[in-house]
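Working notes for the structure below.
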Amino acid sequence: MRDPRYDVLFEPMRIGPVIAKNRFYQVPHCNGGGYRDPSAAAEMRGTKAEGGWGVIFTEQCEMHHSSEITPFIELRLWEDKDIPQLRRMSEKMKTHGALAGIQLAYSGINGPNLYTKEVPLAPSPLPIRTFTNDPVQARALSKSEIRDLRRWFVNAAKRSKLAGFDLICLYGAHGFGIFQHFLSRATNQRTDEYGGSLENRARFVNEVIADIRDAVGDTMGLTLRVSLDESIGELGFSNSELREFIEMNRDLPDLWDLAHGTWEDCSGPSRFKEEAAQEQLVRGIRELSGKPVVGVGRFTSPDVMVKMIKSGTLDFIGCARPSIADPFLPKKVEEGRIEDIRECIGCNICITGDMTMSISRCTQNPTFMEEWRKGWHPEHMNAKGDSENVLIVGSGPAGLEAAWALCRRGYDVAIAEARTEIGGRVARECRLPGLSAWGRVRDYRAYQLSQRANVETYLDSQLTAENIMEFGFQNIAIATGATWRRDGVARQHVVPMMISDKAAIYTPDDLMEGRIPGGNVVIFDDDHYYMGGVLAELLVRKGARVTLITPSAYVSDWTNNTLEQATIHARLDEMGVEIVLNRGITEIAADHVLSNCVYTGKTCSYAADAVVVVTSRVGDDLLYQELLARQEDWSDAGIRSVKLFGDAEAAGPIAWATYAGHRYARELDCAPLGDALPFRREITELAAE
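Take 1 as the starting number for the sequence shown in the UniProt record's numbering and just add one per residue.
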């Protein structure tokens, strides 16, 4: 039964001519599928509908061929041929009473048009702003082209209606949208009636909304997504100017969708952004308009959601990442199962799918974007196979996910953990600066397992192959994790680097175990994800003088894909870390390192009382290899299968580990696929010659 304090979250809410069944509003978000994988995206949205969301939006949908953001893969609504795939999506969204929304985007100075080869159009002639720094510029829209653009929006709105959508979101936030480009003085330098004063800069969005209302407004709700604050100085669209704009145009859309500045500002990871981080920017805006307001802030706590509603800050609770981590979040609140919510950890691995043009993942929800491709459901498992029990060696993210999924299938599960606590790498990493939310990976699974009678956990249990052969388990799952290398092997060095036997060498494992060096500490980061930067922050807090050396042109390079690279660099710089880019390390001596320029090879030295090598990891697969060596004895021991997975098989991000654990659990006792693909895919049909 639902706790009455959450009743306010389930009140029906009007958005123009349509009514949402509750206040849970899945804002537009990417998924790496777009036009390439529409069925995968449709099934993902349909799963959220089943999970109880009142409003569900698509990701960014490019509404005209003259503005597209290749190489990034989004939806497209360029012509009538695009309607069927979008209709499939809207139908899935509406299966359980949710409102289906489509976000229409014209990217302006964010659209390089690498696919269509059209000249980009924008309010003013400026270089294209993309993550890939394309050497392309946009030219200014003429007045006749502004009229064309208005017509294109109307055409897209009509197609959206034919595709079955209830809501249209006009995208003007995150710097990604023609509406923001017109509203901001930084991108609108026009001197005609579309530039200059705020009234003039707001003219275009007023015209487009009026046009769309005339075309479909009696049947579809219109929402406008705008930036709370561009945070780029005097010329930017500031929070105060946003408030003036909303007060000036109180009833312009049917709903105001508010999002902070750039995508990095809005969707920063939990390392730098707390839940409800945008509350101060949103507070008071609702009073400026008679229309409802939705805002975001990685809301995972129903109590925080209620606070946002009852304080008058928001009318709808906007969620992207939390809806990915748990598509059934609303239903679990409604059923009084708060403890069963898989809370988003804010690692932003989901965003990397869009940034790398690949199907997205979620650390907490391995079924994300596999609902259609593999038939995986976040709340349901396939039936148990013909074996009865599984021994899982290792309780890291892979082992815990496998255990929880296998329990749900009906297997008897035993977990053997060599340490005194469960969680593996997550138990250690969540103690590092800013990563406490990552402990939710362990905590959620630990709680779920504690509620099951068919699982037992044994701590301080360092097993040998002989132990396992004697236990009588039918299936052995080896999820023993990985260890950071001490020899520097990674990308620059494919064989161990030159290291003096007098040098003080540390690995991330050492620091996470509490062995902290002091004095002049050099971090060699050839891993390029978060670890090097996090350890630099830890060492500074402990009093060390830190120099971070990386062969990349950017510190923590891969975190550009998680929208935190610039923030990491700024944080380390503010803390006094010496950041050395484009340099490797060729030799580690007792009191210094020899560093080489990756382009010229020129060398110089840096003082080092200790060196932390953040390079690569080696899977801890010794137990697996010992069991393989005794394969001829498996039958006598009652063993049917032995499987290595997770970091023990091949080290990667935590999301890779939970996915591997879930996949193992799904596939146990299933018929082998042989050479067949382990997932479904969509292939573009050949056109008639």
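Backbone N, C-alpha and C fix where the C-beta goes; we use that ideal spot for every residue, glycine too.
Quick check: what's the CA-CA separation for E91 versus G164? Spanning the two alpha carbons is a distance of roughly 7 Å.
Three-state secondary structure (DSSP) of V393: Per DSSP, reduced to three states, the secondary structure at V393 is strand.
Short of 6 Å in beta carbon distance, which residues of its chain neighbour E564, apart from the five on each side in sequence? Order them along the chain. P269
Identify, in the order they occur along the chain, each residue of the same chain with its Cβ nearer than 6 Å to the Cβ of S238, setting aside the five sequence neighbours on each side. D229
Should the segment 601-618 be called in touch with the segment 517-535, which here means at least 3 C-beta pairs below 8 Å? yes
Would the segment 400-416 and the segment 672-686 be scored as touching if the rule is three or more Cβ pairs under 8 Å? no
For M248, count neighbouring Cβ atoms within 10 angstroms of its own Cβ and tell me buried if that reaches 16, exposed if not. exposed
Does the Cβ of T180 have 16 or more other Cβ atoms within 10 Å, making it buried, or fewer, making it exposed? According to the sequence provided, residue 180 is Gln. The question's Thr does not apply to it. With 16 or more Cβ atoms within 10 Å of its Cβ, Q180 is classed as buried.
Tell me the DSSP bridge mates of V642? Partner(s): I476.
What does a CB cutoff of less than 7 Å around K502 pick up in its chain, not counting 5 residues either side in sequence? A590
So, helix, strand or coil for V577, using DSSP? coil
Just grab the DSSP bridge partners of I351 for me. The partner list for I351 (beta bridge, DSSP) is empty, contrary to what the question assumes.
My assumption, with CB atoms under 8 Å, is that L99 sits in contact with V18. Please give the rounded CB distance. Confirmed, about 6 Å.
Any idea what DSSP makes of T559, helix, strand or coil? helix
According to DSSP, is C670 helix, strand or coil? Note: C670 maps to coil in three-state DSSP.
Close beta carbons around V555, own chain, < 8 Å, minus the five adjacent residues each side: Same-chain partners within the cutoff: D525, G532, G533, L548, Q565, I568, H569, L572, I579 and L581.
Below 8 Å, how does it come out for the segment 325-335 and the segment 618-634: are there three or more Cβ pairs, yes or no? Contact fails: fewer than three Cβ-Cβ distances are below 8 Å.
Identify whether M1 lies in helix, strand or coil by the three-state DSSP scheme. coil
What residue does the alpha helix (DSSP H) around A199 start on, and which one ends it? It should be noted that the sequence gives Glu, not Ala, for residue 199. Per DSSP, the unbroken alpha helix (DSSP H) holding E199 starts and ends at L198 to R201.
Near the ligand GTP: G652 beta-carbon under 6 Å from a heavy atom: In the structure shown, the ligand GTP is absent, as is every other ligand, since no ligand is present at all.
By Cβ distance, which residues of its chain are closer than 7 Å to D386, with the 5 residues on each side in sequence left out? D669
From M469, S436, G423 and R428, pick the residue whose C-alpha is nearest to that of Y458; which is it? G423
Cut-off 7 Å between Cβ atoms - residues of its own chain near R583, not counting five sequence neighbours on either side: Within the same chain, R583 has close Cβ partners I549, P551, S595, N596, C597 and V598.
Since Y106 contacts H64 with CB under 8 Å, what's their CB separation in whole angstroms? 6 Å
Could you check the C-alpha separation between G97 and D326 for me, to the nearest Å? 18 Å
Outcome for Y664 when other beta-carbon atoms lying within 10 angstroms are tallied against a minimum of 16: buried
Status (buried if at least 16 other CB within 10 Å, exposed otherwise) for A482: buried
Measure the alpha-carbon distance for S39 versus T480 and round it to whole angstroms. 36 Å
Do the segment 147-166 and the segment 203-219 meet, that is, are 3 or more Cβ pairs less than 8 Å apart? yes
For my contact list, T356 and V489 are in at a C-beta cut-off of 8 Å; report their separation, rounded to the angstrom. Between T356 and V489, the beta carbon gap of about 24 Å keeps them out of contact (Cβ cut-off 8 Å).
Is it buried or exposed, H380, if we count other Cβ atoms within 10 angstroms and call 16 or more buried? H380 should be labelled exposed.
Which class does F182 belong to by DSSP, given the choice of helix, strand or coil? helix
Compare the C-alpha of E343 against each of E513, R408, D443 and E421 and name the closest. D443
What did DSSP end up calling F204 once you bin it into helix, strand or coil? Looking at F204 - three-state DSSP - the assignment turns out to be helix.
Who are M498's beta bridge partners in DSSP? Answer by DSSP bridge pairing, in chain order: E587.
In terms of residues, what are the limits of the alpha helix (DSSP H) holding Q60? The continuous stretches of alpha helix (DSSP H) do not include Q60, which lies in the beta strand (DSSP E) extending over residues V55 to E62.
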